[in-house]
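>
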Amino acid sequence: MNHDDLNHWSKRAADWARDYHAGLRDRPVRAPLVPGATAAQLAATPPEAAEDMAAIFADFERIVPGAMTHWQHPRFFAYFPANASPASMLAEQLANAMACQGMLWQTSPAATEVEQVMIGWLRQALGLPEGFTGTIHDSATTATLSAVLTMREAALNWQGNAEGLSALPRLRLYASAETHSSVDKAARVAGIGQTNLVKVPTDGSLSMKPGALSGAIAADRAAGMLPAGVILCAGGTSVGAFDRIADCIAVAHAEGLPVHVDAAWAGSAMIAPEFRALWAGVEQADSIVFNPHKWLGAQFDCAVQFLRDPGPQVKTLGLRPTYLETAGREEIVNFNEWTVPLGRRFRALKLWFHLRAYGLEGLRGMIRNHVAWAQEVCETLRALPGVTITTEPRLSLFTFALEGDAATEALLSRINDDGRIYLTQTRHDGRYVIRVQVGQFDCTRADVMVIAAVVAELMEG
Ligand SMILES: *Cc1c(COP(=O)(O)O)cnc(C)c1O
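Spelled out as structure tokens, the structure:
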């Protein structure tokens, strides 16, 4: 296979992609779950001789699509979306064709500069003040890890990087139980330890209690521990919880602690000004992560971290051995110094295509529709005898349950085996509940209303 063949097969792949997307509504959303079925169809040993692309492509069509869970299916209501607008997919194909490694400005100036401009566009789109810069990571998990490593090192005056943590005071982080498990993972991986991530109690609205936060910090200081930072939740994964950002940041900053806000999912909604009250005060944050690949519609993977001052993070993560030195002006940014990996893909290109192809007004319209349709289907479900709405819609996410965990769990399996829609579960207030989130790029009101029809039909068992 050479580049002339690539031309032929790229066209073939483009045709396949068009047909795949056009036919998605006819496929079950979730893959039929038969462990080992796909592996059993692949050769057990690698080929010694080159094979024809025709044979490889035919095997792909025969084996793979039927064993996929279709994240771009318009009736994907599970987890959170991992979207891929057609314009962002096209940009990814162009980025693939150039296959750059954008670790330094000079290893692809366009990759760095498009990224800088896209961070600026998104800052404006979300209504964040001037002064925030930022970078693109692969995932919110990596962005949060970067923020936590920075909190660790700032608290230790960069002694941890130099000497390791063993001789240093015990560090403490603070977050509510509604924050994503990526915060727990960051505490583990950063060497702080999961038990030193203090889960601050929440109030009836599922916000961290600011008074409990200041109490926890004071108690830890009195016990000789070293508070390092606070991670706040703006749209939790389980049921969409929001901390009262302004009040919690005020407490953290009064204590001299930096704040990272995890808005991986809900950040996209902030392109619509009417939702910004949910994270009021966010402009005081030191770091914010949101994933344009979730609700905003840009192709996975794309996680944006905004930073009020990149200095501490660059001091924590940046290394400049001779082979990475660049001759150049002071103002050149080498983004590898802002992130954990050295190598980086050209992710900004898909944001440029995506934002231009749909426009902020188009994307706001999509998000407003999703929120309205989620509320509408929530009311339809509420009216079904036997259904309880267990958490009210926060943006486009709500949960419901039947009487008793066993009945709810059985209903969820029937729904997902049926395949017309795909929903997933969480536990809230000790109860097994079914999550519904609306956020797929191509979904329509009719797709969303199928949720109520399927639940009503399958509730009977
Ligand atoms: C999805 C999600 C994450 C993790 O995102 P990745 O990009 O997959 O690491 C973190 N926090 C919240 C609130 C999320 O919804």
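Position in the sequence shown counted from 1, then plus 19, gives you the working numbering. Think of the CB as a built atom: it goes at the ideal place given N, C-alpha and C, for glycine as much as any other residue. In this text, all values refer to a predicted model and were calculated from it rather than measured experimentally.
Exposed or buried, residue 34, counting other C-beta atoms within 10 Å across all chains shown (16 or more means buried)?
Exposed.
> Just to confirm, does residue 310 get its C-beta within under 8 Å of one of the non-hydrogen atoms of ligand 1?
Result yes, Cβ under 8 Å from ligand 1.
> To which residues of the same chain is residue 187 closer than 7 Å at the C-beta, ignoring the five residues directly before and after it?
Here the set comprises 175, 178 and 179.
> DSSP on residue 294, reduced to helix/strand/coil?
If DSSP states are grouped into helix, strand and coil, residue 294 belongs with the helices.
> DSSP on residue 440, reduced to helix/strand/coil?
In the structure shown, residue 440 sits in coil (DSSP, three-state: anything other than H, G, I, E or B).
> Do you know whose CA, among 94, 77, 100 and 169, lies nearest residue 310's CA?
Looking at the Cα atoms, 100 is the closest of the given residues.
> What span of residues does the beta strand (DSSP E) with residue 279 cover, start to end?
Residues 278–281.
> Kindly confirm or deny that the region 130–145 and the region 320–333 touch, where touching means at least three C-beta pairs closer than 8 Å.
As far as the Cβ criterion goes, the region 130–145 touches the region 320–333, which means the pair count is three or higher.
> What number of angstroms, rounded off, separates the C-alpha of residue 236 from the C-alpha of residue 472?
The alpha-carbon atoms of residue 236 and residue 472 are separated by roughly 49 Å.
> For residue 220, is the classification buried or exposed, using 16 other Cβ atoms within 10 angstroms of its Cβ as the cut-off for buried?
Flag for residue 220 reads exposed.
> Please name the residue, chosen from 102, 415, 444 and 437, that lies closest to residue 421 on a Cα-to-Cα basis.
Nearest C-alpha to residue 421: 444.
> Identify every residue that forms a DSSP beta bridge with residue 246.
The partner list for residue 246 (beta bridge, DSSP) reads 191.
> Please state whether DSSP places residue 120 in a helix, a strand or coil.
Note: residue 120 maps to coil in three-state DSSP.
> Out of curiosity, what's the CA-to-CA distance linking residue 483 and residue 372?
This structure does not reach residue 483, given that the chain is present from 20 up to 480, and the question cannot be answered.
> Would you call the CB atoms of residue 206 and residue 192 closer than 9 Å?
Yes, they are a contact pair.
> Where do the N-terminal and C-terminal ends of the beta strand (DSSP E) with residue 336 fall, by residue?
Careful: residue 336 lies outside any beta strand (DSSP E), inside the alpha helix (DSSP H) at 330–336.
> Could you give the DSSP three-state label for residue 229: helix, strand or coil?
Helix.
> Using only alpha-carbon positions, find the residue among 415, 387, 386 and 382 that is nearest to residue 397.
Checking every option, the nearest Cα to that of residue 397 belongs to 415.
> Between the C-alpha atoms of residue 28 and residue 321, what's the straight-line distance to the nearest angstrom?
Roughly 27 Å between the two C-alpha positions.
> Within the same chain, show all residues whose beta-carbon is closer than 6 Å to that of residue 257, passing over the 5 residues directly before and after it, in chain order.
Excluding residues within five positions, the ones whose Cβ falls inside 6 Å are 445.
> Name the residue from 301, 407 and 49 whose alpha carbon lies nearest to the alpha carbon of residue 450.
Nearest option by C-alpha distance: 407.
> Mind checking which residues open and close the alpha helix (DSSP H) that includes residue 165?
Where residue 165 is concerned, the enclosing alpha helix (DSSP H) stretches over 159–174.
> For a minimum of 4 consecutive residues, which ranges assigned as the alpha helix (DSSP H) are wholly contained in the region 388–463?
With a minimum length of 4 residues, the continuous alpha helix (DSSP H) runs that stay inside the region 388–463 are 424–437.
> Where residue 262 and residue 227 are concerned, what is the direct C-alpha to C-alpha distance, given to the nearest angstrom?
Cα to Cα, the separation comes out at about 5 Å.
> Report the CB separation of residue 253 from residue 281 in whole angstroms; it is logged as a contact under 8 Å.
The pair is a contact, with the Cβ atoms about 7 Å apart (cut-off 8 Å).
> What did DSSP end up calling residue 321 once you bin it into helix, strand or coil?
Here residue 321 sits in coil by DSSP.
> Flag this pair as touching only if the region 43–61 and the region 431–442 have three or more C-beta atom pairs under 8 Å; answer yes or no.
Result yes; three or more Cβ-Cβ pairs closer than 8 Å.
> In angstroms, rounded to a whole number, what distance separates the CA positions of residue 384 and residue 67?
Taking the straight line joining both Cα atoms gives about 53 Å.
> Got a sec, what are the start and stop residues for the beta strand (DSSP E) residue 306 sits in?
Element bounds for residue 306: 306–309.
> With which residues is residue 218 paired in a DSSP beta bridge?
Bridge partners of residue 218: 194.
> Does the Cβ of residue 432 have 16 or more other Cβ atoms within 10 Å, making it buried, or fewer, making it exposed?
When all chains shown are included, residue 432 counts as exposed.
> Could you tell me whether the Cβ atoms of residue 224 and residue 164 are closer together than 9 Å?
Against a cut-off of 9 Å, the Cβ pair of residue 164 and residue 224 comes out as no contact.
> Is the beta carbon of residue 99 within less than 8 Å of some heavy atom of ligand 1?
Flag set: Cβ of residue 99 near ligand 1.
> Could you give the first and the last residue of the continuous beta strand (DSSP E) run that contains residue 152?
From DSSP, the beta strand (DSSP E) with residue 152 extends over 152–156.
> Taking the alpha helix (DSSP H) that residue 98 falls in, what are its first and last residues?
Element bounds for residue 98: n/a, residue is neither H nor E.
> Can you give me the C-alpha to C-alpha distance between residue 92 and residue 272, rounded to a whole angstrom?
Those two C-alpha atoms are separated by around 43 Å.
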